[in-house]
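Peer 1: Quick one: this structure, given as structure tokens, is what I'll be asking you about.
Number of protein chains: 2
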Amino acid sequence: MGQNVAHKLIAAHLAGGEMTPGAEIALRIDQTLTQDATGTLVMLELEALGLDRARTEVSVQYVDHNLLQTDSRNAEDHEFLRSACQRFGLWYSKPGNGVSHPTHMQRFGRPGATLAGSDSHTPAAGSLGMLAIGLGGIEVAMAIAGEPIHLRMPQIWGIRLTGVLPAWVSAKDVILEMLRRHGVKGGVNRIIEYHGPGLAALSAMDRHVIANMGAELGATSTVFPADEQVRAFLRSEQREDDFREIVADPDAGYDVTDEIDLSMLEPLIALPSSPGNVVTVREVAGRDVEQVVIGSSANPGLRDFAVAAAIVAGRQTHPRVSFDVNPTSRQILQDLTKMGSTFALIAAGARLHQSGCMGCIGMGQAPANGRNSLRTVPRNFPGRSGTREDSVYLCSPETAAAAALTGLITDPRELPDLLGIAYPKVELPERSSVNTAMLEPPPPETTRRADLVKGGNIASLPDFPPLPDRIQAPVALKVGHDVSTDEILPAGARVLPYRSNIPKLAEFAFTQIDESYPGRALATRDSGGHIVVAGTNYGQGSSREHAAIAPRYLGLRLVLAVSFARIHWQNLANFGVLALEFSDPADYQRIAQDDILDVDDLRQAIASDTAITIHNMTRDEDYLTRHGLSDRQVAMVLAGGMIPWLRRRTPTPTA
Amino acid sequence: MGQNVAHKLIAAHLAGGEMTPGAEIALRIDQTLTQDATGTLVMLELEALGLDRARTEVSVQYVDHNLLQTDSRNAEDHEFLRSACQRFGLWYSKPGNGVSHPTHMQRFGRPGATLAGSDSHTPAAGSLGMLAIGLGGIEVAMAIAGEPIHLRMPQIWGIRLTGVLPAWVSAKDVILEMLRRHGVKGGVNRIIEYHGPGLAALSAMDRHVIANMGAELGATSTVFPADEQVRAFLRSEQREDDFREIVADPDAGYDVTDEIDLSMLEPLIALPSSPGNVVTVREVAGRDVEQVVIGSSANPGLRDFAVAAAIVAGRQTHPRVSFDVNPTSRQILQDLTKMGSTFALIAAGARLHQSGCMGCIGMGQAPANGRNSLRTVPRNFPGRSGTREDSVYLCSPETAAAAALTGLITDPRELPDLLGIAYPKVELPERSSVNTAMLEPPPPETTRRADLVKGGNIASLPDFPPLPDRIQAPVALKVGHDVSTDEILPAGARVLPYRSNIPKLAEFAFTQIDESYPGRALATRDSGGHIVVAGTNYGQGSSREHAAIAPRYLGLRLVLAVSFARIHWQNLANFGVLALEFSDPADYQRIAQDDILDVDDLRQAIASDTAITIHNMTRDEDYLTRHGLSDRQVAMVLAGGMIPWLRRRTPTPTA
């Protein structure tokens with residue numbers, strides 16, 4: 062049986078493991094992408110790592126998230142990131158240059174490459190025949206340092222496309238159809254690979270829409286072949302030389318399969334408040350709309366804006382509607398302006414915002430409570446808009462533009478009858494207005510290394526020592542079952558501004574559960590640290606790595622739990638905290654807060670994977686525990702976490 | 062002696078008093094302007110007043126300040142304001158339509174009219190030969206209700222302009238020259254009137270720049286004649302019929318005079334952190350610049366953006382610089398886009414933001430601490446940018462554009478030599494792209510009155526009862542000297558979101574001084590209220606009327622002070638709090654917090670303007686006090702404040 066595109070990409074980058082679904086594999090990474098919300102921590106991790114210079118083909122730091130700048134912290138983050146790019150040899154994409162995913166695709170994407178990004182929509186680059194994966198910050202830091210990434214080999218899910226999209230139906234409706242059929246967990250542990258004759262009429266930017274929102278199905282990634290559409294895209298970006306064809310072998314097979322006849326699709330919409338709540342627009346037509354937002358990496362292309370502009374051109378948006386337009390990038394806004402689309406949008410009543418993510422991630426544009434907002438963005442989770450009781454729908458630019466005019470959810474296929482609007486034929490320029498002046502290249506290798514510029518709110522990552530051979534420490538906190546990372550380290554406007562400042566951030570650790578924890582924990586740090594005891598499913602929820610780093614900073618060495626949520630468990634290992642599960646769950650009940658626990662010969666016990674016995678000195682009892690760490694993770698935990706482990710393996714750079 | 066323009070405007074609207082500098086006069090108001098940050102309270106005041114319908118020629122509610130929308134409150138304010146316009150018969154200018162001052166000038170301004178606005182830059186309309194005055198919210202509410210406004214007759218300050226501005230020097234440099242000569246208090250109790258041959262080459266929008274920043278001199282207002290430049294402006298706005306000539310009589314005189322030879326001016330700049338710190342650009346050339354911001358009501362015209370666009374066209378902004386462009390209005394952005402200037406700005410690296418005030422009022426665009434930001438906005442008070450330790454300079458669009466290119470403070474006259482840029486000759490279109498679709502007219506008088514739409518954070522104004530004849534109440538708080546309104550009611554992100562919700566806002570009253578005040582004060586409200594005792598200069602600082610309303614809501618009836626700051630003293634009267642000054646300042650020391658004070662026959666005593674004796678029941682002492690209220694203010698205080706007073710005088714509308 063021949064190879065599909067996903068297998069070809071994986072095989073070409075395999076650095077370890079077997080390509081059997083479920084087995085751990087290691088992949089070499091060619092390119093990395095970081096954005097500013099996650100990137101500041103990645104840069105601090107590179108600093109802690111002592112990295113001399115990025116070892117990838119290309120690594121780019123984008124500034125697209127924190128663009129509102131309501132106080133000095135955002136501007137200082139930007140300055141820090143720029144200096145880090147100079148320091149470590151990364152590209153710097155200035156505020157205003159654009160959203161990472163489409164900008165990366167336009168300027169750096171190349172068929173056959175792997176891309177690791179600290180953003181969940183990184184798989185959008187799969188539109189070019191790349192294998193692109195979203196990861197936690199430290200794993201991207203590792204990739205920048207030249208290390209392979211590790212993941213479980215996914216199943217490859219072949220989606221055969223046939224037919225051609227009808228008028229008023231576009232790429233967003235294809236991915237909404239996938240979500241309608243399979244829901245938000247349908248893609249877990251899978252790479253979605255699109256193939257078949259239906260691809261011929263889908264441009265690379267259309268494919269970006271579909272690959273981007275593969276994340277909403279929970280997929281590990283999405284890949285498309287690198288075919289003539291990709292060649293045309295690279296040609297328009299004046300990079301045709303970067304093209305190389307990558308298509309599935311004629312007899313390629315897939316682990317799982319499905320098929321979509323594009324000609325049968327109609328306008329779809331995801332209801333509040335999940336991308337999986339998909340129905341036809343017809344079913345909900347007539348509901349009042351107070352806001353329409355177009356833009357984001359889930360409808361980033363020139364076409365997506367131009368089609369909306371053509372629909373509203375010469376007309377006025379409904380008096381009730383705020384029509385918010387977020388251009389994806391400076392380049393796309395230039396082309397839109399050249400084409401006359403910017404004028405059409407403004408004249409119709411659009412609020413034209415700066416290029417960036419903006420409303421997609423709740424950076425402004427929050428609607429009134431309970432008022433319907435139609436958006437072309439990828440996600441509508443509750444509160445993501447910035448409004449607690451929001452009511453956000455996800456749809457195509459065509460459906461969004463129709464609602465902007467009528468003030469109601471409207472099937473855009475009604476527009477010819479309703480307002481005499483024919484489906485616009487959008488003519489795109491053959492060549493994009495390539496303008497790279499807001500993309501600052503890395504300095505030459507020979508340049509003297511720049512200093513990091515750290516504003517008052519940016520603190521270096523703390524150093525963490527290796528795991529000691531004996532832990533004799535108090536249980537500083539005993540928590541219940543299903544404790545989430547939100548309880549371990551809250552997010553929100555009060556805490557997030559300190560994302561680049563671990564000592565300050567640590568003051569919020571566990572305060573949702575026990576306000577006295579940070580003070581009590583810190584007191585243990587220099588005298589052997591402390592232990593947290595937890596019930597089942599410890600660390601569920603958000604993947605934020607701060608929930609491991611902040612307690613670690615306060616002296617956490619060991620978490621004893623009945624069971625762990627997967628990502629937080631990985632994060633604990635990444636930051637050198639030993640995570641042990643009770644062999645007998647009933648032992649959880651036998652330990653009380655403030656008990657002193659003791660475990661000796663720890664390094665040997667972990668390395669040999671034997672059961673580990675914990676002695677409760679307060680009660681004179683023993684508990685049997687075990688860890689499920691891979692050899693790589695054992696080495697990391699022994700070293701004190703990924704950074705000291707990697708630093709030890711990497712020849713230390715001269716300062 | 063003939064009349065100057067200011068005298069003509071005042072005489073035509075005089076509703077009471079003598080036109081002698083220092084005497085109180087009453088003025089009939091033709092038009093009002095409110096913006097969203099102050100407008101929500103004005104609309105609640107109209108509701109409390111029971112107003113049926115606006116009694117002005119035109120009243121417009123603009124939404125230009127709170128456009129970031131980081132949570133639901135801004136969008137709900139916008140919805141409330143729109144419903145209030147429908148309810149009270151006001152025009153509604155949607156978010157995105159533009160900044161109030163230039164938009165009002167373009168659409169509604171007419172020579173000879175008076176304008177009252179709840180924004181300190183309202184005098185910008187003086188550019189059209191109007192008399193335009195910035196006032197507190199309740200005074201604008203009164204004007205909407207058809208009442209005259211009251212002020213002390215100002216001196217008229219004639220500034221004779223001669224000559225013609227040289228290349229690279231523009232209107233901003235004229236007002237910076239005024240600030241250089243006279244400082245930020247130079248215009249106090251004055252109306253600035255420009256006249257002379259130098260006017261001929263200053264367009265109406267140039268004059269807007271100068272009139273707008275008359276506020277920075279502390280002037281009551283600024284007026285220009287309505288001459289051929291005004292006619293040309295109105296013609297370009299397709300409103301030539303609204304023109305009528307208003308010029309000073311040939312033999313008109315002025316109370317004070319000065320003269321500026323425009324041909325002698327050079328590029329000027331106000332250093333951090335006061336508009337009065339003006340020097341020549343030459344003197345500070347070469348300093349690093351990290352941010353350049355163009356826009357705001359202090360450089361709002363098409364020319365101001367077009368000249369900057371022409372300077373940067375075909376070039377790239379410096380890598381260090383964030384170049385933020387805030388279009389003034391939808392209309393101006395349309396014309397800029399038609400002219401190709403939008404393209405030039407974007408291509409040069411501008412971050413093009415939505416139309417509105419934006420960075421001018423710290424709504425985003427906050428720079429890094431200590432980094433230089435050059436702005437064409439009217440004010441650079443410390444922290445106004447949103448950054449605590451900001452370093453903001455004020456300059457012309459020419460000087461701003463030069464810095465955007467070089468990354469340094471640069472005299473724009475150097476650009477020909479430095480970069481080969483000739484001073485651009487900007488050709489403006491003869492006709493503006495008039496587009497009124499985002500300006501919703503008031504409903505016809507015959508329409509059924511709309512309901513106010515109040516989101517969860519908008520509460521009606523509380524009712525305040527008349528002044529009782531006897532106050533026997535505890536001193537709930539004794540404070541020191543120079544207590545500012547910031548201490549009485551703090552501003553900032555924690556408090557400001559409650560600007561439309563007095564009960565919630567009151568929870569912050571005096572908490573900077575004594576956290577227990579709100580609780581203790583509220584406990585007195587239904588049992589006779591309470592008293593505050595203060596030293597000298599009580600209520601200095603910001604004019605916010607919330608500092609009177611919030612303590613009043615908690616039961617404050619009487620403030621006894623050694624002396625008061627003027628605006629807060631007026632605000633107390635406006636909201637029915639009696640303000641008394643000790644006849645013997647030494648008595649201030651004799652009273653302690655929690656003393657019970659008693660004053661009887663109060664209504665009679667105030668009305669007859671005799672000294673008022675306060676008995677301290679706790680110490681069995683008497684203190685002599687006095688008030689300086691005008692008859693109008695006495696009537697207001699007796700009624701319980703301006704709203705109950707006006708409501709009593711106004712025929713009660715049928716509900």
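Chains E and P, in that order, give the protein sequences. Read left to right, the first sequence gives residues 62 to 716 (this note's numbering). Read left to right, the second sequence gives residues 62 to 716 (this note's numbering). All residues carry an ideal CB built from backbone N, CA and C; glycine is no exception. Keep in mind it's a predicted model, so treat the numbers as computed, not measured.
For N430(E), go through chain P and note every residue whose CB falls closer than 8 Å to its CB, in chain order.
Peer 2: Translated into the one-based positions of the first sequence, residue 430(E) becomes position 369. The contacting residues are S133, E137, G516, G517.
Peer 1: For chain P, find out if any of its Cβ atoms is closer than 8 Å to the Cβ of G447(E); answer yes or no.
Peer 2: Taking the first residue of the first sequence as 1, we reach residue 447(E) at position 386. Interface residue, yes.
Peer 1: Distance check for P209(E) and R116(E), CA to CA, integer angstroms please.
Peer 2: Residue numbering aside, residue 116(E) sits at position 55 when the first sequence is read from its first letter. Residue numbering aside, residue 209(E) sits at position 148 when the first sequence is read from its first letter. Roughly 11 Å between the two C-alpha positions.
Peer 1: Can you give me the C-alpha to C-alpha distance between R292(P) and I321(P), rounded to a whole angstrom?
Peer 2: Residue numbering aside, residue 292(P) sits at position 231 when the second sequence is read from its first letter. Residue numbering aside, residue 321(P) sits at position 260 when the second sequence is read from its first letter. C-alpha separation (whole angstroms): 24 Å.
Peer 1: Anything in chain P within Cβ reach of Q96(E), meaning under 7 Å, just list it in chain order.
Peer 2: In the first sequence, counting from the first residue as 1, residue 96(E) sits at position 35. By Cβ distance, chain P contributes nothing, its closest Cβ being about 17 Å from Q96(E), past 7 Å.
Peer 1: With respect to the beta strand (DSSP E) encompassing A640(E), which residues constitute its N-terminal and C-terminal limits?
Peer 2: Taking the first sequence and counting its residues from 1, one reaches residue 640(E) at position 579. 639-643 is the extent of the beta strand (DSSP E) around A640(E).
Peer 1: Taking just the CA atoms, how far does A534(P) sit from L639(P)?
Peer 2: In the second sequence, counting from the first residue as 1, residue 639(P) sits at position 578. In the second sequence, counting from the first residue as 1, residue 534(P) sits at position 473. Those two C-alpha atoms are separated by around 13 Å.
Peer 1: Of the residues that make up the stretch 235-263 of chain E, which ones have a beta carbon closer than 8 Å to any beta carbon in chain P?
Peer 2: Those residues of the stretch 235-263 of chain E that come within reach of chain P (Cβ to Cβ, closer than 8 Å) do not exist; the list is empty.
Peer 1: Per DSSP, what kind of secondary structure is I482(E) in: helix, strand or coil?
Peer 2: As a first step, residue 482(E) must be located in the first sequence, where it is residue number 421. I482(E): coil per DSSP, three-state reduction.
Peer 1: How would you call E301(E), buried or exposed, if buried means at least 16 neighbouring beta carbons within 10 angstroms?
Peer 2: Position 240 of the first sequence, counting from 1, holds the residue named residue 301(E). The residue in question, E301(E), is exposed, as its Cβ has fewer than 16 Cβ neighbours within 10 Å.
Peer 1: For L707(E), which residues in the same chain have their Cβ closer than 7 Å to its Cβ, ignoring the five residues on either side in sequence?
Peer 2: Locating residue 707(E) in the first sequence gives position 646, where the first residue counts as 1. Excluding positions up to five away in sequence, the list reads L110, M203, A206, E208.
Peer 1: When the Cα atoms are used, what is the spatial distance from R114(P) to I704(P)?
Peer 2: Position 53 of the second sequence, counting from 1, holds the residue named residue 114(P). Position 643 of the second sequence, counting from 1, holds the residue named residue 704(P). Approximately 16 Å between the Cα atoms of the pair.
Peer 1: Mind checking if H68(E) is an interface residue toward chain P, Cβ cutoff 8 Å exclusive?
Peer 2: As a first step, residue 68(E) must be located in the first sequence, where it is residue number 7. False, the Cβ-Cβ gap to chain P never drops below 8 Å.
Peer 1: Does I407(P) come within less than 8 Å of chain E when only Cβ atoms are used?
Peer 2: Counting from one through the second sequence, the residue named residue 407(P) turns up at place 346. So, interface residue.
Peer 1: Does any residue of chain E have a CB that is nearer than 8 Å to the CB of K399(P)?
Peer 2: What you label residue 399(P) is simply residue 338 of the second sequence in a count that begins at 1. So, interface residue.
Peer 1: Cβ of M499(P) less than 8 Å from any chain E Cβ?
Peer 2: For the purposes of this step, residue 499(P) is taken as the residue at position 438 of the second sequence. By this cut-off, M499(P) is an interface position.
Peer 1: From the DSSP output, in three-state form, read off G580(P) for me.
Peer 2: As a working note, residue 580(P) is residue 519 in the second sequence. It is helical.
Peer 1: So, using beta-carbon positions, are G375(E) and D125(E) closer together than 8 Å?
Peer 2: Within the first sequence, the letter at position 314 stands for residue 375(E). Within the first sequence, the letter at position 64 stands for residue 125(E). Not in contact: G375(E) and D125(E) (Cβ atoms no closer than 8 Å).
Peer 1: Exposed or buried, what is S154(P) when buried is set at 16 or more other beta-carbons lying within 10 Å of its beta-carbon?
Peer 2: As a first step, residue 154(P) is located in the second sequence; it is residue number 93 there, counting from the start. Buried.
Peer 1: Which residues in chain P have a C-beta closer than 8 Å to the C-beta of N496(E)? List them in chain order.
Peer 2: Along the first sequence, one-based indexing puts residue 496(E) at 435. Ordered by position in chain P, the residues that pass the 8 Å Cβ test against N496(E) are A408.
Peer 1: Hey, could you find the ends of the alpha helix (DSSP H) G77(P) is sitting in?
Peer 2: In the second sequence, counting from the first residue as 1, residue 77(P) sits at position 16. No alpha helix (DSSP H) contains G77(P), which is instead part of the beta strand (DSSP E) from 75-77.
Peer 1: Taking only beta carbons into account, state which residues of the stretch 376-394 of chain E come closer than 7 Å to chain P, listed in chain order.
Peer 2: So the close ones are Q377, P380, S383, R391, L394.
Peer 1: By DSSP, does G337(P) sit in helix, in strand, or in coil?
Peer 2: Your numbering for residue 337(P) matches position 276 in the second sequence. G337(P) falls in the coil class under three-state DSSP.
Peer 1: Checking contacts by CB at 8 Å: is L513(E) closer than that to chain P?
Peer 2: As a working mapping, residue 513(E) is identified with position 452 in the first sequence. So no, L513(E) is outside the interface.
Peer 1: Give the residues of chain P in contact with L129(E), contact being defined as C-beta atoms less than 8 Å apart.
Peer 2: In the first sequence, counting from the first residue as 1, residue 129(E) sits at position 68. Correct list: L129, T131, G425.
Peer 1: Could you check where the beta strand (DSSP E) with T175(E) kicks off and where it finishes?
Peer 2: As a first step, residue 175(E) is located in the first sequence; it is residue number 114 there, counting from the start. Where T175(E) is concerned, the enclosing beta strand (DSSP E) stretches over 175-178.
Peer 1: Going along the chain, which unbroken runs of the beta strand (DSSP E) with 3 or more residues stay wholly within the stretch 558-615 of chain P?
Peer 2: For the stretch 558-615 of chain P, whole beta strand (DSSP E) runs of length 3 or above, ordered along the chain, are 591-595.
Peer 1: Please check the pair L435(P) and A405(P), which I expect to be a contact at CB under 8 Å, by giving their CB distance rounded to whole angstroms.
Peer 2: The residue labelled residue 435(P) in the question sits at position 374 within the second sequence. The residue labelled residue 405(P) in the question sits at position 344 within the second sequence. At roughly 19 Å, the Cβ-Cβ gap does not stay under 8 Å, so L435(P) and A405(P) are not in contact.
Peer 1: Hey, is A414(P)'s beta-carbon within less than 8 Å of any beta-carbon in chain E?
Peer 2: As a position in the second sequence, residue 414(P) is number 353, starting the count at 1. Sequence check: residue 414(P) is His here, not Ala. So, interface residue.
Peer 1: Given a threshold of 16 other Cβ atoms within 10 Å of its Cβ, counted over all protein chains shown, does V66(P) qualify as buried or as exposed?
Peer 2: For the purposes of this step, residue 66(P) is taken as the residue at position 5 of the second sequence. V66(P) is buried by the Cβ-count criterion.
Peer 1: Below 8 Å on the Cβ atoms is my guess for L619(P) versus I563(P); work out the distance and round it to an integer in Å.
Peer 2: As a position in the second sequence, residue 619(P) is number 558, starting the count at 1. As a position in the second sequence, residue 563(P) is number 502, starting the count at 1. Not quite, the Cβ-Cβ distance comes to about 20 Å (not below 8 Å), so this is no contact.
Peer 1: Which chain E residues sit within Cβ distance under 7 Å of P156(P)?
Peer 2: Indexing the second sequence from 1 puts residue 156(P) at position 95. Neighbours of P156(P) on chain E, chain order: S383, R412.
Peer 1: Hey, how far is the Cα of H379(P) from the Cα of Q130(E)?
Peer 2: The residue you call residue 379(P) lines up with position 318 of the second sequence. The residue you call residue 130(E) lines up with position 69 of the first sequence. Going by the C-alpha atoms only, they are around 20 Å apart.
Peer 1: Would A359(E) and V453(E) be called neighbours here (beta carbons separated by less than 8 Å)?
Peer 2: As a working mapping, residue 359(E) is identified with position 298 in the first sequence. As a working mapping, residue 453(E) is identified with position 392 in the first sequence. Not a contact, by the Cβ cut-off of 8 Å.
Peer 1: For P403(E), decide whether its Cβ has a neighbour in chain P, counting only Cβ atoms nearer than 8 Å.
Peer 2: Numbered from 1 along the first sequence, position 342 holds the residue referred to as residue 403(E). The sequence given here places Thr at residue 403(E); Pro does not occur at that position. By this cut-off, T403(E) is an interface position.
Peer 1: Within the chosen definition, does the stretch 564-577 of chain P reach the stretch 689-703 of chain P through at least 3 CB pairs nearer than 8 Å?
Peer 2: Counting Cβ pairs under 8 Å, fewer than three are found: no touch.
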